[in-house]
Amino acid sequence: MLAALFCVSAAVGDDATNRFLKALSTASVGETRLGTLRETQDFGTFWLVPNVEPFFDAQKSFIHLAMDAPQAVPINEGRIDPLISFDPFSPIASPLRNLKLWMRERLSVKTDLYNCTVAQQASSSIAGQVRGAVSNRFSYRIDWKAWEIAGVGLGSITAQFRANNNWSAQNVDLSAAVGSNIVFVDSAENSSDVFLTRLFAQQGFCDDRILIGAGKILPNDTTAVNFFADDETSQFLASCFDGGDAMPIGWNSYLPGAFAQFIPVDGVYVNTLLTSPLGELNSGGGFGTVGDGFYLVGAEAGVVAALGADTDLIGRYSIFVCNTNAGTDTVSTNNKQYGNAMALIAQQFIDRDLGVWISYQLSDANISPATQETTFGGSLENAFGRHGDGVGLGLSWTDSSTTGDRQQKTIETYYRLRLTGSLELTADLQLIDDPSNPQAKGGATWVFGLRSKIKF
2 MLAALFCVSA AVGDDATNRF LKALSTASVG ETRLGTLRET QDFGTFWLVP NVEPFFDAQK
62 SFIHLAMDAP QAVPINEGRI DPLISFDPFS PIASPLRNLK LWMRERLSVK TDLYNCTVAQ
122 QASSSIAGQV RGAVSNRFSY RIDWKAWEIA GVGLGSITAQ FRANNNWSAQ NVDLSAAVGS
182 NIVFVDSAEN SSDVFLTRLF AQQGFCDDRI LIGAGKILPN DTTAVNFFAD DETSQFLASC
242 FDGGDAMPIG WNSYLPGAFA QFIPVDGVYV NTLLTSPLGE LNSGGGFGTV GDGFYLVGAE
302 AGVVAALGAD TDLIGRYSIF VCNTNAGTDT VSTNNKQYGN AMALIAQQFI DRDLGVWISY
362 QLSDANISPA TQETTFGGSL ENAFGRHGDG VGLGLSWTDS STTGDRQQKT IETYYRLRLT
422 GSLELTADLQ LIDDPSNPQA KGGATWVFGL RSKIKF
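All the letters of the sequence shown, read from the start, carry residue numbers 2 to 457 under the working numbering.
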């Protein structure tokens, strides 16, 4: 089965393979430098609301709102090569994009609006459970860049709303149905119908070498991010690649908390966070758990460097450690369980559009569903010379915290096609070898997926 999947991946990815081998043969590791301040901010996950002028800016330009002006692609997306020039979503998307452009230029509000539908079908399930699932996510995010003071930094506010729907028969949990109790086969699916995912304010200092924020946050936004696999709507769907599974409870949830990010010297960053880990579980996704006595605190130290003949291939190498007093039994018992976790991750561009990574997560068994998880893989943007297309391949090994569970091996590959100016279609294939739940049959279970993402 593994050989079959690799043959399929090779057949559809000859261009990616050739570029990978060429990049390895031409990149000189000896020619390296530390990242610049801007590169360290970008790859150290400092969110500085790019391409937006601050609201309180005397030089701010004036722009008329022209709702009928054609806008073939989303604002700020750049060049794409849609397979079909005709876009049936254009009558709706163009006015919205003109409004987004006006909001960016006049109100300093950066917006992101999309709808993503995921359909999956598994080759087998436990005890004849439903093997197909369909989920839908509607997302709207705004980032308001209020000010940017020379020598100090920016001030901004971020809010994001999502509406989630499970359109599956019997509201099936496909991950549990196939025996993948730890690794979610669809990271885009969420049990909360409508909720506020992010709401935080942040302020920069010392030319944005220091960034401090607080509100409702996702811990994985600022620490241990894998930027080659951090968007489940257009990259990898399995949770082992999107965030990871050997981290404390709350790690992949939206929680009340605070973060502080520092760049002591160019090329080196330190990111820290403090959150309430039961926030999404016990307060309906609000702020009701603040001060409940439970915490998740962590810090990441990383280096951003560049290599290659032109020293323009950026890489990020980091270690993340965290401590919590909320464990896997805390939700049901309300008792404190102390434990630690860590993550090592190396990410490197080896070509302009081709990046590879390897990561390792290790956690105490009482605070996480998995004790350790290893992943590696790569993703290629602008695949086959088509701007907007992408292809990826990832492999993982996940060890459960539950005695008697099996070590699960997961392989995922995807191809993202830009069909029109507004619509992305992504074909996804996951191979789950020995699902962690011992009730599932051993060997290979295939999960076929198709994603459609409408970008306004």
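Glycine is no exception: its CB is placed at the ideal position from the N, C-alpha and C atoms.
These numbers come from a predicted model, not from an experiment.
Asked: Residues near residue 5 by beta carbon distance below 7 Å, same chain, minus five either side; Found: Since pLDDT at residue 5 reaches only 42, below the 50 mark, its modelled position is unreliable, and the value read off the structure follows with that caveat. Excluding positions up to five away in sequence, the list is empty.
Asked: Option in 212, 160 and 353 with minimal Cα separation from residue 41; Found: 212
Asked: Close-in-space but distant-in-sequence residues of the same chain around residue 47 (CB under 7 Å, 5 per side omitted); Found: 209, 212 and 262
Asked: Segment limits, beta strand (DSSP E) that includes residue 139; Found: 133 to 150
Asked: Cβ neighbours of residue 388 in the same chain (closer than 6 Å, five flanking residues each side left out); Found: 80, 81 and 82
Asked: With 16 other Cβ atoms within 10 Å as the buried cut-off, status of residue 392; Found: buried
Asked: Sheet register partners of residue 398 (DSSP bridge); Found: 375 and 410
Asked: Beta bridge counterpart(s) of residue 344 as assigned by DSSP; Found: 321 and 362
Asked: Cβ-Cβ separation, residue 454 to residue 207 (assumed contact under 8 Å), whole Å; Found: Actually they are not in contact, since the Cβ atoms of residue 207 and residue 454 sit about 38 Å apart, beyond 8 Å.
Asked: Range covered by the beta strand (DSSP E) that runs through residue 163; Found: 154 to 167
Asked: Contact under 7 Å by Cβ, residue 187 with residue 136; Found: yes
Asked: Unbroken beta strand (DSSP E) run spanning residue 106, endpoints; Found: Premise fails: residue 106 lies in the alpha helix (DSSP H), 91 to 108, not in any beta strand (DSSP E).
Asked: Bridge partners - residue 71, DSSP secondary structure assignment; Found: Beta-bridge pairing links residue 71 to no other residue.
Asked: Cβ neighbour criterion (16 or more within 10 Å) applied to residue 75; Found: buried
Asked: Selected residue, minimal CA-CA separation from residue 87, among 422, 430 and 426; Found: 422
Asked: Identified DSSP bridge partners for residue 271; Found: 263 and 302
Asked: Residue 230 versus 220, 244 and 223, residue with shortest Cα-Cα distance; Found: 244
Asked: C-alpha distance - residue 147 paired with residue 155, whole-angstrom precision; Found: 7 Å
Asked: Residue 279 burial status per 10 Å Cβ neighbour count (16 or more: buried); Found: buried
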